[in-house]
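Accompanying notes for the structure given below.
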Amino acid sequence: MTLETRDILNVTNLHTYFPVKSRGIIPRTIGQVKAVDGIDLQLASGETLGLVGESGSGKTTAARTILLLVRPTEGHIEIDGQDVTGFSTKALLPVRRKAQMIFQDPYNALNPRHTVGSIIAAPFRVQGVTPPGGVKNSVLDLMERVGLNPEHYNRYPNEFSGGQRQRIGIARAIALRPKLIVCDEPVSALDVSIQAQIINLLRDLQQEFGVAYLFVAHDLAVVKQISHRVAVMYLGHIMETASREVIYSAPLHPYTHSLLSAVPIPDPKQQRHRTRIVLQGDLPSPIDPPSGCVFRTRCFQAQEKCAVEVPPLVEIAPGHKVACHFPIETKDLPARVEVEDVEFQEEAPAVEDGGAVNGKDSGPPVPTVPASSPHKARR
Ligand SMILES: Nc1ncnc2c1ncn2[C@@H]1O[C@H](COP(=O)(O)OP(=O)(O)OP(=O)(O)O)[C@@H](O)[C@H]1O
Ligand code: SF4
Ligand SMILES: [Mg+2]
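The sequence shown begins at 2 in the working numbering and counts up one residue at a time.
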C-alpha cells in the first residue's frame with residue numbers, strides 16, 4: 002500500500018496526570034498518577050500505528066487523551082494539521098467527524114435501549130449531516146459493508162454476538178468517513194477466530210477509505226497482523242518505535258525484547274532455542290515512578306547510569322527510535338534472562354508474569370537462571 006506522507010495525527014510531549022486526593026472533609030491533592038508522561042506520536046494518512054505495552058502502561062489514557070475524551074496536562078495534539086489541544090467541546094464537534102474511536106468492550110460501548118439502526122445513525126444526527134439518499138439508506142449500506150444483515154436494522158445490541166456488536170461499533174465509527182480511528186483493544190474481548198475476521202474488516206476498510214488507525218493492544222501477535230509501525234509503551238513513556246518489520250525482527254530496547262520473548266513461536270524447535278526474558282514483579286506505581294529510566298527496576302541491562310539519567314528517545318536508524326542507554330541486539334541476548342533483583346521489588350510482589358502483556362500470553366515455563374547472570378539489574 003502507498004502511504005501519503007501527510008500526518009493525520011501529530012502528538013508532542015503529551016502528559017496526562019490524574020490527581021491523587023487525600024481523604025477527609027477537604028480533600029487535598031497529594032500526588033499525581035503519571036499515566037502518560039511525555040510521549041510523541043505521529044501517524045500518516047492511511048497508516049496503522051500499533052501501541053503496545055503491558056496493563057497499566059498508559060495506552061488507554063493516551064488513546065483517550067488524543068481524542069480529548071480526557072484533557073491533557075501538557076503537550077499538543079494536532080489532528081489533520083490543526084492543533085486541537087485547547088478546543089472546547091463545541092469546537093471539537095467538527096473534529097469528531099475526522100477522528101473516531103472504537104472501544105474494547107462491544108457489550109458496553111453500545112446503548113442497549115437503542116436499535117442497531119439508531120446506533121449507527123448517531124454520528125449523522127449529532128453532526129447534523131444528511132447523506133445523499135438519506136440517513137436510513139446510508140445506515141443500511143454501512144451495515145452491509147461491515148458484514149451485518151441489513152434486515153437486522155431494528156434489532157437491539159443484546160441480540161448480537163460479540164463479533165457482530167464490534168461490527169456495529171465499526172459501522173458507527175466509519176459512518177462519516179473519518180481520517181483517523183483510535184481503536185482501543187478492539188478485538189481483545191473476542192474469540193481468536195472472530196478476532197481475525199474483525200482485523201480483516203479493519204484492513205479492508207483502510208484499503209477502501211484510506212483511514213489511519215491508532216491500534217492499541219496488549220497482544221503483539223494481533224498488532225503484527227495490522228500495523229505498519231509499532232510503538233512500545235511502558236509506564237507512561239514510549240520505549241521504542243519502528244516499522245513492524247524492525248520491531249519484530251530487530252528490536253533494540255530490553256523491554257521490547259522481553260515482550261517479544263513471551264510471544265509463543267509455532268515451531269517447537271525455534272521456541273526451545275529462543276531467549277526467554279522473565280520479568281518479575283508488576284509495573285512500578287505511576288505515582289512514584291523510578292528515577293532515570295522508568296524500566297530500570299525490571300531491566301536485565303540496567304547499569305548505574307540508568308538510575309540517574311532519563312534515556313531520551315533517539316532515532317538510531319531512519320524511522321527507528323529507542324529510549325535506552327544500552328540498547329541490545331537479539332544476537333547479543335544471553336541464552337535466558339530472569340530479572341530477579343530483590344532490591345527492586347519493594348513496591349511489587351514477586352509474581353512471575355512471564356513478560357507477558359496483561360499476563361494473558363504467558364507462554365511455556367522457563368527454568369530459573371541463577372542470580373549470577375551478567376545481566377542482573379543493579380540500582
Ligand atoms: N481516571 C483515572 N484516574 C486515576 N488513575 C487512572 C485513571 N485512568 C487510568 N488511571 C491509571 O493510569 C495508569 C494507566 O492506565 P491505562 O488504563 O491508561 O493503562 P492501559 O495501558 O490501557 O492498561 P490496560 O492494558 O489494562 O488497559 C494506571 O495506573 C491506571 O490505574
Ligand atoms: S539499559 Fe538502562 S536505559 Fe536501557 S532500558 Fe534498561 S534500564 Fe533503561
Ligand atoms: Mg487499556
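Even for Gly, the Cβ is constructed at its ideal location relative to N, Cα and C.
Just so you know, these numbers come straight off a predicted model, no measurement behind them.
CA-CA distance, residue i and residue j?
i           : j           : result
residue 175 : residue 43  : 21 Å
residue 55  : residue 219 : 6 Å
residue 226 : residue 149 : 23 Å
residue 282 : residue 31  : 26 Å
residue 255 : residue 39  : 20 Å
residue 232 : residue 21  : 28 Å
residue 12  : residue 107 : 27 Å
residue 1   : residue 86  : Outside the shown range of the chain (2 to 380) lies residue 1, about which nothing can therefore be said.
residue 307 : residue 297 : 6 Å
residue 114 : residue 157 : 7 Å
residue 280 : residue 299 : 6 Å
residue 173 : residue 123 : 7 Å
residue 117 : residue 138 : 13 Å
residue 330 : residue 244 : 16 Å
residue 19  : residue 135 : 43 Å
residue 187 : residue 37  : 21 Å
residue 276 : residue 311 : 27 Å
residue 142 : residue 332 : 51 Å
Ordered along the chain, which non-local residues of its own chain (more than five positions away) have a Cβ less than 7 Å from that of residue i?
i           : result
residue 396 : Past the edges of the chain, shown from 2 to 380, lies residue 396, and the structure says nothing about it.
residue 278 : 258, 259, 262, 301, 338, 356
residue 164 : 191, 195, 198, 199
residue 222 : 264
residue 359 : Because the pLDDT at residue 359 is just 36, under 50, the model does not fix this residue reliably, and the value given afterwards should be weighed accordingly. The answer, listed in chain order, is 55, 56, 219.
residue 96  : 80, 85, 88
residue 159 : 113
residue 68  : 100, 102, 183
residue 147 : 168, 171, 172, 202
Thinking C-alpha only, which one of the options is nearest residue i?
i           : options            : result
residue 242 : 296, 26, 323, 227  : 323
residue 305 : 315, 294, 313      : 294
residue 325 : 234, 288, 263, 335 : 234
residue 202 : 144, 250, 96, 327  : 144
residue 179 : 98, 271, 107       : 98
residue 94  : 224, 125, 138      : 125
residue 121 : 106, 89, 88, 155   : 155
residue 288 : 17, 33, 16         : 33
residue 70  : 240, 100, 299, 193 : 100
residue 211 : 47, 29, 18         : 47
residue 111 : 168, 236, 290      : 168
residue 284 : 237, 311, 102      : 237
residue 53  : 249, 205, 269, 181 : 249
Residue i: buried (16+ other C-beta within 10 angstroms of its C-beta) or exposed?
i           : result
residue 171 : buried
residue 64  : buried
residue 140 : buried
residue 82  : exposed
residue 35  : buried
residue 58  : buried
residue 371 : Residue placement at residue 371 is poorly supported in this model, since its pLDDT is 29, which falls under 50; the coordinates are not used for a value here.
residue 274 : exposed
residue 193 : exposed
residue 92  : exposed
residue 166 : buried
residue 267 : exposed
residue 51  : buried
residue 105 : buried
Closer than 9 Å, CB to CB, is residue i near chain B or not?
i           : result
residue 207 : No chain B appears in this structure, which consists of one protein chain only.
For residue i, which residues of its own chain have a beta-carbon under 6 Å away from its beta-carbon, when the five flanking residues on both sides are left out?
i           : result
residue 61  : 185
residue 49  : 214, 216, 227, 228, 229
residue 79  : 11
residue 328 : 253
Given the structure, does residue i come close to ligand 2, in the sense that its CB is under 8 Å from one of the ligand's heavy atoms?
i           : result
residue 240 : yes
residue 297 : yes
residue 321 : no
residue 256 : yes
Would the C-beta of residue i count as close to ligand 1, meaning under 8 Å from any of its heavy atoms?
i           : result
residue 188 : no
residue 12  : no
residue 219 : yes
residue 55  : yes
residue 237 : yes
residue 259 : no
residue 34  : yes
residue 28  : no
Regarding residue i and ligand 3, is the C-beta to nearest heavy atom distance less than 8 Å?
i           : result
residue 381 : One cannot answer for residue 381 here, as it falls past the ends of the chain, which runs 2 to 380.
residue 106 : no
residue 61  : yes
residue 162 : no
residue 8   : no
residue 38  : no
residue 119 : no
residue 185 : yes
Apart from the five residues just before and just after residue i, which ones in its own chain have a Cβ nearer than 8 Å to its Cβ?
i          : result
residue 41 : 12, 13, 14, 15, 239, 314
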